[in-house]
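First to last, the protein sequences are chains A and B. FYI, numbering that gives the first Met the number 0 numbers position 185 of the first sequence as 184, with every residue one higher than the one before it. FYI, numbering that gives the first Met the number 0 numbers position 144 of the second sequence as 143, with every residue one higher than the one before it. We put the CB at the ideal spot given by N, CA and C, even for glycine. Values in this document were obtained by computation on a predicted structure and should not be read as measured data. Read the structure below first, then the notes.
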Amino acid sequence: MKLHKYALFAVASALILAACSGAAPTAPPAAAATPAPAKPTEAKPGEVITIEYWQYNFQSRIDVMNDLIKQFEAANPGIKVIHNSEIPNADFQAKIAAAAPAGVGPDVATLFNGWLTGWVNAGYLVPLPEKDFPPADIEKNFTTLVQGTKFQGKYWAIPTAVRSLALFWNKDMFKAAGLDPEKPPATLDEFVEYSKKLTKTEGGKITQQGFAVEMTGQAHQWFREVLTRQYGETPFSADNKTLNYGSAKSCEAFKWLTKFETEYKTGSNDLFDGATTAFTNGKLAMHIDGSFRLGALNSAKGLNYGVAVLPTKDNIKANFGSFWTHGITKKGAADPKRMEAAVKFLKFITTPAAGTAWVKGTGELPAQLSAAADPALAADPKLGAFAKQMSYSVATFFVDEAKQRQNLIDAFDAVRLQNVEPCKALADAVKKDQALYDEFWAKNK
Amino acid sequence: MSLKNRRVVWAYIFLLVPLAFFLVVRAGPTIFAFDVSLRAFNPMAEIKPYVGFDNFARVFKDIADPDHVTRKAFENTLKYVIIGTPIQLSLALGIAMLMNSIRRFRTIFRVIYFIPFVTSAVAVAWVWRALYMPDFGFLNLVLGLFGIPSQRFLFDPNQSLLSVTAVVVWQGLGFAVIIFLAGLQAIPETFYEAARVDGAGRWRLFGSITIPLLNPTIVYLAVLQTIAFLRMFAEVVNLTRQGDGGPVNTTTTVVLRVFREGFGSLNMGYAAAMTVLLFAMIMVISIIQFRLVQRRVEY
Numbered sequence: 000m001k002l003h004k005y006a007l008f009a010v011a012s013a014l015i016l017a018a019c020s021g022a023a024p025t026a027p028p029a030a031a032a033t034p035a036p037a038k039p040t041e042a043k044p045g046e047v048i049t050i051e052y053w054q055y056n057f058q059s060r061i062d063v064m065n066d067l068i069k070q071f072e073a074a075n076p077g078i079k080v081i082h083n084s085e086i087p088n089a090d091f092q093a094k095i096a097a098a099a100p101a102g103v104g105p106d107v108a109t110l111f112n113g114w115l116t117g118w119v120n121a122g123y124l125v126p127l128p129e130k131d132f133p134p135a136d137i138e139k140n141f142t143t144l145v146q147g148t149k150f151q152g153k154y155w156a157i158p159t160a161v162r163s164l165a166l167f168w169n170k171d172m173f174k175a176a177g178l179d180p181e182k183p184p185a186t187l188d189e190f191v192e193y194s195k196k197l198t199k200t201e202g203g204k205i206t207q208q209g210f211a212v213e214m215t216g217q218a219h220q221w222f223r224e225v226l227t228r229q230y231g232e233t234p235f236s237a238d239n240k241t242l243n244y245g246s247a248k249s250c251e252a253f254k255w256l257t258k259f260e261t262e263y264k265t266g267s268n269d270l271f272d273g274a275t276t277a278f279t280n281g282k283l284a285m286h287i288d289g290s291f292r293l294g295a296l297n298s299a300k301g302l303n304y305g306v307a308v309l310p311t312k313d314n315i316k317a318n319f320g321s322f323w324t325h326g327i328t329k330k331g332a333a334d335p336k337r338m339e340a341a342v343k344f345l346k347f348i349t350t351p352a353a354g355t356a357w358v359k360g361t362g363e364l365p366a367q368l369s370a371a372a373d374p375a376l377a378a379d380p381k382l383g384a385f386a387k388q389m390s391y392s393v394a395t396f397f398v399d400e401a402k403q404r405q406n407l408i409d410a411f412d413a414v415r416l417q418n419v420e421p422c423k424a425l426a427d428a429v430k431k432d433q434a435l436y437d438e439f440w441a442k443n444k
Numbered sequence: 000m001s002l003k004n005r006r007v008v009w010a011y012i013f014l015l016v017p018l019a020f021f022l023v024v025r026a027g028p029t030i031f032a033f034d035v036s037l038r039a040f041n042p043m044a045e046i047k048p049y050v051g052f053d054n055f056a057r058v059f060k061d062i063a064d065p066d067h068v069t070r071k072a073f074e075n076t077l078k079y080v081i082i083g084t085p086i087q088l089s090l091a092l093g094i095a096m097l098m099n100s101i102r103r104f105r106t107i108f109r110v111i112y113f114i115p116f117v118t119s120a121v122a123v124a125w126v127w128r129a130l131y132m133p134d135f136g137f138l139n140l141v142l143g144l145f146g147i148p149s150q151r152f153l154f155d156p157n158q159s160l161l162s163v164t165a166v167v168v169w170q171g172l173g174f175a176v177i178i179f180l181a182g183l184q185a186i187p188e189t190f191y192e193a194a195r196v197d198g199a200g201r202w203r204l205f206g207s208i209t210i211p212l213l214n215p216t217i218v219y220l221a222v223l224q225t226i227a228f229l230r231m232f233a234e235v236v237n238l239t240r241q242g243d244g245g246p247v248n249t250t251t252t253v254v255l256r257v258f259r260e261g262f263g264s265l266n267m268g269y270a271a272a273m274t275v276l277l278f279a280m281i282m283v284i285s286i287i288q289f290r291l292v293q294r295r296v297e298y
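Next up, the structure:
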């Protein structure tokens, strides 16, 4: 009896399924996803255009943006900006993806630079209008990092601020270990020596870590864009089609990184609830992280730390730059009046002045060179290190940031936890990444 | 309309609410998922073209690749079922039999075992994360008292899956115990007495009376727990570092893969194809298990 019921159910679902696929149009599901464009009538005096702006939830960013919006609305009485900043970073893309089919969501959105290709491929963003954002001006006035977001020959987004990596060190721990608290390691070799000296163990358990590789944090970026270069490799070919960070030279860099756990045992991201937490709580002496961490570290009680440029090798300097950038969505572009308002808003939040406000509130550096060149920034004891490295920072051309990150995390774990040979683990990971790029470029000829 | 008829009408009207809920919240999305699985479905894109069975072909290709994370997800999910279900059922049965044989404090024990079941999986996971912590976690402190070296549990690829399974087993134990207890209490004491008179020992009583008469309960629980293990998600997300199903994908599950692929990489079509496969797996396993329970219980 029971079986019959199941069979019936299976047949029924198959029928419904067939009906669905038969009936549903292959063409785009109408223009349902985008609101019908309003009739292009002249804007009446007193009429208010409302646009929606979304960014992820991060208090200091929200505060600065609220201020900017207030100024913008005062200068443009005909425009009202709704600020949605409720979504946590980790869910941001998922929520956008959920909102898009419903035809709701932002007119101007802030996205991670590594997501840009995906958003453009989905047709979610429209190119920045060239008359409002001339490419020549972008290339002249903004940090070179922004050029990394040029895709299909166009600019699709523009940032207020950018970040880079730096070495954070705990001065009290340096002092306790007999090291000069004002002299962080300058080279990779010194970095290893210091890590060892700063590690303390008790009964086989690490009680104080010198350095812990946080692959789930910034270490994969550090490896991909910085360490490989310092070991003489160019991680990406100029056309971003060939990945070289799985090469023999890159593997030397990778081995250097794995040794902190397999050989020197100076710490692990598995301990003390992760390296960032460990550094904040004084259980880790040296940490590689981004400028966005400054806010949280400054509010940590009793933490006496410094920020320095990344250690070099053979005098090769390199850094990884990343940024959250703002683009105009298809929804924003659907209505000429909203598009006009969106362009005005986007221009307003990417001026040098906005960048200066941003760095004060968030610790991220202004994307406009004129604001970034402010001598006060370079002289700042914490921000100075980031500012100094900006000129040679490189933004990675990601095609699937989440997967590329995971592949390196897995490679690192395979080495330290499963004794896989480092070069094999790395080569496997980069092979997977290369497949993602091959697929991406096959779609974007 | 007679009073009786009117009552019946009202009963149907009230039943319409859960029916509507079922159709809108359960059946609708399920059918939608079948449709999605046949498309190149990027939720951010306007055009989501049909691609036939391409998504399924990709899923099967990835399952065939022993190093692929999708393969690992299916493997792990089966491991959770194969390891978790028998352990959970035998533990629960043992505890239920012990509780059935005592008279005092039975209610207290019942409450103790049931509390984890009504606690949020997220809260449970984070408490266990702390217990499992390498070096200074509670479990390692206990092991240290016995001179056993510190274990890495969730961070060791050889222990991670078992560590996750243990949490899930522990959390679901109370429910299984209560159901077993009800089943045990439904077995008439006279059967045992008669068998004892005939000279049956403890194991004979267990094997020839308890187990056969509990068969419907066992299968019911087996089906339920199997499905629970097949759908595992929240526990892994909250127990593993950044919810990535690591280390080295040793704890990832099919549902976690669905989430990552769908919302992380925006390959909703591929993700939906995996859910359809999971749906088929759950259906087949359930049918087999229900057929087992349909075997008549001989008194």
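Whole-angstrom distance between A/GLY266 and A/ALA93, CA atom to CA atom: Locating residue 93 of chain A in the first sequence gives position 94, counting from the first residue. Locating residue 266 of chain A in the first sequence gives position 267, counting from the first residue. In this structure, the CA atom of A/ALA93 is about 34 Å from the CA atom of A/GLY266.
Rounded Cβ spacing between A/ARG223 and A/THR395 (contact assumed at less than 8 Å): For the purposes of this step, residue 223 of chain A is taken as residue 224 along the first sequence, with counting starting at 1. For the purposes of this step, residue 395 of chain A is taken as residue 396 along the first sequence, with counting starting at 1. Yes, they are in contact, since the Cβ atoms of A/ARG223 and A/THR395 sit about 6 Å apart, within 8 Å.
Rounded C-alpha distance that separates A/ALA375 from A/SER390: For the purposes of this step, residue 375 of chain A is taken as residue 376 along the first sequence, with counting starting at 1. For the purposes of this step, residue 390 of chain A is taken as residue 391 along the first sequence, with counting starting at 1. One C-alpha to the other measures close to 17 Å.
Proximity test, Cβ basis, 8 Å: A/GLY117 and chain B: Locating residue 117 of chain A in the first sequence gives position 118, counting from the first residue. Yes, A/GLY117 lies at the interface with chain B (some Cβ there is under 8 Å from its Cβ).
Residues bridged to A/PHE210 [DSSP beta-bridge criterion]: Within the first sequence, numbered from 1, the residue matching residue 210 of chain A stands at position 211. Bridge partners of A/PHE210: A/MET285.
The region 394-410 of chain A: positions lying closer than 8 Å to chain B by Cβ: ASP399, ALA401, LYS402, GLN405, ILE408 and ASP409
Bridge-paired residues (DSSP) for A/GLN367: Walking along the first sequence from the start, residue 367 of chain A turns up at place 368. DSSP lists A/PHE141 as partners of A/GLN367.
Burial state of B/TRP127, where buried means 16 or more other Cβ atoms lie within 10 Å: Start at 1 with the first residue of the second sequence, and residue 127 of chain B comes out as number 128. So B/TRP127 counts as buried.
8 Å Cβ cutoff, A/LEU283 in contact with chain B: By one-based count along the first sequence, residue 283 of chain A stands at place 284. No, its Cβ sits nowhere closer than 8 Å to a Cβ of chain B.
Contact the region 338-351 of chain A vs the region 154-174 of chain A: 3+ CB pairs below 8 Å: yes
Three-state secondary structure (DSSP) of A/PRO158: Stepping through the first sequence from its first residue, residue 158 of chain A is reached at position 159. It is a strand residue.
Endpoints, the beta strand (DSSP E) within which A/LEU164 is located: Against the first sequence, residue 164 of chain A aligns to sequence position 165. From DSSP, the beta strand (DSSP E) with A/LEU164 extends over 164-169.
Chain A residues whose Cβ lies nearer than 7 Å to that of B/MET43: Translated into the one-based positions of the second sequence, residue 43 of chain B becomes position 44. What B/MET43 touches in chain A: ILE95, ALA96, ALA99, TRP118, ALA121 and TYR123.
Beta-carbon contacts of B/VAL249 that lie in its chain and below 6 Å, excluding the five residues immediately before and after: Within the second sequence, numbered from 1, the residue matching residue 249 of chain B stands at position 250. As written in the sequence, residue 249 of chain B is Thr, which differs from the Val given in the question. Excluding residues within five positions, the ones whose Cβ falls inside 6 Å are PRO156, SER159 and LEU160.
Nearest residue (CA-CA) to B/THR216, options B/GLY198, B/PHE190 and B/PHE179: Residue 216 of chain B sits at position 217 when you count from the first residue of the second sequence. Of B/GLY198, B/PHE190 and B/PHE179, the residue nearest in Cα terms is B/PHE179.
Per-residue DSSP class, three states only, for A/LYS153: By 1-based counting over the first sequence, the position of residue 153 of chain A is 154. Here A/LYS153 sits in strand by DSSP.
Alpha-carbon spacing of A/GLY203 relative to A/LEU425, whole angstroms: Start at 1 with the first residue of the first sequence, and residue 203 of chain A comes out as number 204. Start at 1 with the first residue of the first sequence, and residue 425 of chain A comes out as number 426. Going by the C-alpha atoms only, they are around 29 Å apart.
Any chain A beta carbon closer than 8 Å to B/GLN150: By 1-based counting over the second sequence, the position of residue 150 of chain B is 151. Taking Cβ atoms only, chain A never reaches closer than 8 Å to B/GLN150, which makes this a no.
Length at least 4, wholly inside the region 261-285 of chain B: the alpha helix (DSSP H) runs in chain order: none
Cβ-heavy atom distance, B/VAL218 to the ligand ADP, below 7 Å: For the structure depicted, the ligand ADP is absent and the ligand set is empty, with no information on it obtainable.
Residues that B/SER264 contacts on chain A, provided the C-beta gap is smaller than 7 Å: Here residue 264 of chain B refers to the residue found at position 265 when the second sequence is read from its first residue. The contacting residues are ASP399, ALA401 and LYS402.
8 Å Cβ cutoff, B/VAL121 in contact with chain A: Working through the second sequence from its first residue, we reach residue 121 of chain B at position 122. Residue-level contact check: B/VAL121 does not touch chain A, since none of the beta carbons of chain A fall below 8 Å from its beta carbon.
Interfacial residues, the region 242-264 of chain B to chain A, with Cβ spacing under 8 Å: Listed by position along the chain: ASP243, GLY245, PRO246, VAL247, ASN248, ARG259, PHE262, GLY263 and SER264.
Partner residues on chain A for B/PHE154, Cβ-Cβ distance less than 7 Å: Position 155 of the second sequence, counted from the start, is the residue given in the question as residue 154 of chain B. What B/PHE154 touches in chain A: ASP269.
Separation of B/LEU130 from B/ILE281, as counted between CA atoms: Position 282 of the second sequence, counted from the start, is the residue given in the question as residue 281 of chain B. Position 131 of the second sequence, counted from the start, is the residue given in the question as residue 130 of chain B. Taking the straight line from one Cα to the other gives about 32 Å.
Buried/exposed call for B/ARG195, threshold 16 Cβ in 10 Å: Here residue 195 of chain B is taken as the residue at index 196 of the second sequence, counted from 1. B/ARG195 comes out exposed.
Best match in A/LYS254, A/VAL145, A/PHE132 and A/ASN56 for proximity to A/ASN83 [C-alpha to C-alpha]: By 1-based counting over the first sequence, the position of residue 83 of chain A is 84. The candidate whose alpha carbon is nearest that of A/ASN83 is A/ASN56.
Residues, ordered as in the chain, of the region 126-147 of chain B that lie near chain A by beta-carbon distance below 7 Å: PRO133 and ASP134
Neighbourhood of B/LEU88 by C-beta, 8 Å cutoff - its chain only, sequence neighbours within 5 removed: To locate residue 88 of chain B, count along the second sequence from 1; it is residue 89. These residues qualify, in order along the chain: ALA175, ILE217, LEU220, ALA221 and GLN224.
Under 8 Å between C-beta atoms of B/VAL167 and B/GLY83: Counted from its first residue, the second sequence places residue 167 of chain B at position 168. Counted from its first residue, the second sequence places residue 83 of chain B at position 84. Result yes, Cβ atoms of B/VAL167 and B/GLY83 sit closer than 8 Å.
Neighbour list for B/ARG344 in chain A, Cβ cutoff strictly below 9 Å: For residue 344 of chain B there is no data in the structure shown, the boundaries of chain B being 0 and 298.
Delimiting residues of the beta strand (DSSP E) encompassing B/PHE52: Translated into positions along the second sequence, residue 52 of chain B becomes position 53. Careful: B/PHE52 lies outside any beta strand (DSSP E) and carries neither H nor E.
Test: B/ARG240 CB closer than 8 Å to a CB of chain A: Position 241 of the second sequence, counted from the first residue, corresponds to residue 240 of chain B. Yes - at least one Cβ of chain A is within 8 Å of the one on B/ARG240.
Beta-bridge partners of B/SER301, as assigned by DSSP: Outside the displayed span of chain B (0 to 298) sits residue 301 of chain B, for which this structure offers no information.
DSSP beta-bridge partners of A/LYS312: Looking up residue 312 of chain A in the first sequence gives position 313. Paired residues: A/ILE315.
Neighbourhood of B/ARG38 by C-beta, 7 Å cutoff - its chain only, sequence neighbours within 5 removed: Position 39 of the second sequence, counted from the first residue, corresponds to residue 38 of chain B. Same-chain partners within the cutoff: LYS47, PRO48, TYR49, VAL50 and GLY268.
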